[in-house]
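Q:
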Amino acid sequence: MHVTPQTLSRRSLVKAAGVATAATALVTAPAATTPAAADTAFAHPGLLHTRADLARMAAKVKAGAAPWTAGYAKLTANRHAQSSWKANPQTTVYRGDGSPQNYGILYNDIHAAYQNALRHHVSGEQQYADTAVAILNAWSRTLTSLAGSADRFLAAGLYGYQFANAAELVRDHPDFDLPAARKVLLNVFSPLSESFLTRHNDAVITNYWPNWDLCALACVLATGIFCDDRGRVEKAVEYFKHGAGLGSVQHAIPVVHPDGLAEWLEAGRDQGHALLGVSLMGTICEMAWNQGIDLYGHDDSRFLKGAQYVAKWSLGESVPYTPNTRKKGAVNGWSGSETATAAAAVDPAMTRPIWAMIANHYTKRRGLSATYLTRIAAKAAPEGGGGDYGPNSGGFDQLGFGTLTFTRDRSPRPQTPPSPSATAAGSSPTAAGSAPRPQTQSTGKPDHDLAATGTADILGWLGAASVTAMAGGLLLLRRRDKAARNSAH
């Protein structure tokens, strides 16, 4: 579609892309606070973890089975996973340059809620569930807006999907305020993510790298499932398959090679953001899978090929990269381009707790060979979570603990998604729609780049592989189990 060019001053562009007031951040928020009617309800719990998953974790840890025990030890050693954690809810959360940033308070509290909820499901100890509920209720009843620079969209996407996952684990708790949780997801987190997928902060469609779209998709999908809102789920699934932005699967993974590897677009940017993108796409696929929607297998398992590529590259091995150029700029404003000619340099020591989920899906559920995923998952194990990978936001971009939560026994036959309760959202593995547009990189000035925010604290942290407090955590569980048996007698 042709748009008549108009001149925008640099100052007006910065205003459009930069600091936003709380009112501006919520301009697209719908008035309704209840989910749209669904023809059938979604399975609950049914985001990253199902009821069967939670039962498996508890049984494996109780039995002292490896590697679940090592994963649980990482959880119990984390300071966020303690029942003494107290929430510090804020009315407005700010993220980005030019704002009084306080978003670290939000992500630390969300990770504490998730870790306490997870610890409750494994140990059965009520105080951890109570702590998770107190944290989530406090934020649900207090938070009214997300504001800041363009980074407010990252805050909405990342912390929206994480909030939904923590809340999903305690949604049946008698003290959990489910209506308040739905309200904050539907009125604060999801509207910003939906706005980004529609308007991309008034930038050209390729201005933002894939992980910006993927953050938003994760939030919209998680909100739809948590709130039994089929419309949001359908929109997220459709965008994943055929969306015009760089976060759709054929744009994020634009080139498939004959050797079975597929280029990850953001490998031409840097390692930290490429790992973030793989984490987010895996999160989207796992949440959809647990509702009967197979995005893992979509387009001949394109995500598998892209994840294998990033795993091989992150292990320090060479990978091909097709030069690509993407257009940048503001709609009706300045324009530029940026070209990536090769995969960026990597630090093989850098890791995120992302690989267990993806490797276990393809090798254990599907019975497929995924050599690079298997190798990098083993290297990263046991995976920790928020607080184990540095204090900055990059260490909290994923919930983690995949060794505990996603390690599974190999299925005797390839699995299909559990219940087809959400097949109306579209689960066909057949690729459809337009071919991926060319992707590339050129010479726009860095200070013009709307997507230049959100990069400062993502690269400096390294993975930790220690198994601190394993013996203490396991001994505590076994003592409790023994005490329970004695009391029963």
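In the numbering used here, the protein residues as written are 1132 to 1620. The beta carbon of each residue, even a glycine, is placed where N, CA and C say it ideally should be.
Determine, using beta-carbon pairs with one atom in the region 1472 to 1490 and one in the region 1444 to 1455, whether at least three such pairs fall under 8 Å.
A: Yes, the region 1472 to 1490 touches the region 1444 to 1455.
Q: By the three-class DSSP mapping on this structure, what secondary structure does Glu1448 have?
A: coil
Q: Among the residues of its own chain, which have a CB less than 8 Å from the CB of Ser1500, if the five just before and after it don't count?
A: In chain order, Thr1494 place their CB closer than 8 Å to the CB of Ser1500, counting only its own chain and leaving out the 5 sequence neighbours on each side.
Q: In whole angstroms, what separates the C-alpha of Leu1206 from that of Phe1284?
A: 29 Å
Q: Since I believe Ala1312 is in contact with Arg1226 (beta carbons under 8 Å), could you give me their beta-carbon distance rounded to a whole number of angstroms?
A: 21 Å between Cβ atoms; not a contact.
Q: Where does the unbroken beta strand (DSSP E) through Ala1278 begin, and where does it stop?
A: Boundaries of the beta strand (DSSP E) around Ala1278: Ser1276 to Gly1279.
Q: Please tell me whether Glu1397 and Asn1342 are closer than 8 Å, where the distance is taken between their beta carbons.
A: Cβ distance < 8 Å, so Glu1397 and Asn1342 count as in contact.
Q: Grouping DSSP H, G and I as helix and E and B as strand, with all else coil, what is Ala1269?
A: helix
Q: Alpha carbon to alpha carbon, how far is Glu1325 from Ala1347?
A: 7 Å
Q: Helix or strand or just coil, what does DSSP make of Ser1321?
A: Reduced to three states, the DSSP call for Ser1321 is helix.
Q: Go ahead and pull the three-state DSSP assignment for Ser1230.
A: coil
Q: Starting from Ala1295, follow the alpha helix (DSSP H) in both directions and report where the run begins and ends.
A: For Ala1295, the enclosing alpha helix (DSSP H) stretches over residues Asp1282 to Glu1299.
Q: Around the C-beta of Ser1379, are 16 or more other C-beta atoms found within 10 angstroms, so that it is buried, or is it exposed?
A: With 16 or more other Cβ atoms within 10 Å, it is buried.
Q: Since Glu1365 is in the alpha helix (DSSP H), which residue starts that stretch and which ends it?
A: From DSSP, the alpha helix (DSSP H) with Glu1365 extends over Arg1361 to His1373.
Q: Kindly indicate which three-state DSSP category Lys1217 falls into: helix, strand or coil?
A: Here Lys1217 carries a coil assignment [DSSP, helix/strand/coil].
Q: Among all the DSSP beta bridges, which residues are the ones paired with Gly1516?
A: Gly1531
Q: Per DSSP, which residues does Val1386 bridge with? Please list them.
A: Answer by DSSP bridge pairing, in chain order: Glu1394.
Q: With a threshold of 8 Å, are at least 3 pairs of Cβ atoms found where one atom belongs to the region 1192 to 1206 and the other to the region 1521 to 1528?
A: no
Q: Quick one: what does DSSP say Arg1457 is sitting in, helix, strand or coil?
A: Strand at Arg1457.
Q: Sort Gly1428, Leu1249 and Ser1321 by Cα distance to Gly1498 and report the nearest one.
A: Gly1428
Q: To the nearest angstrom, how far is the alpha carbon of Ala1212 from that of Gln1221?
A: 21 Å
Q: For Ala1172, I'd like the list of residues in its chain whose CB is within less than 6 Å of its CB, leaving aside the five on either flank, ordered along the chain.
A: Asp1359
Q: Lys1217 to Thr1262, Cα distance in whole Å?
A: 8 Å
Q: Any chance the CB of Thr1536 is under 7 Å from a heavy atom of the ligand NAD?
A: As for the ligand NAD, it is missing from this structure, which has no ligand bound.
Q: Cα separation between Gly1518 and Gly1437?
A: Between Gly1518 and Gly1437, the C-alpha separation is close to 28 Å.
Q: In whole angstroms, what is the alpha-carbon distance linking Asn1491 and Ile1415?
A: 15 Å
Q: Taking 8 Å as the threshold (C-beta atoms), are Leu1407 and Val1450 in contact?
A: no
Q: What is the DSSP secondary structure of Glu1469, counted as helix, strand or coil?
A: Residue state, collapsed to three classes: strand.
Q: Tell me which same chain residues have a C-beta within less than 7 Å of the C-beta of Met1418, skipping the five on either side of it?
A: Leu1178, Leu1179, Leu1352, Ala1353 and Ile1356
Q: Give me the DSSP bridge partner(s) of Val1224.
A: The partner list for Val1224 (beta bridge, DSSP) reads Leu1277.
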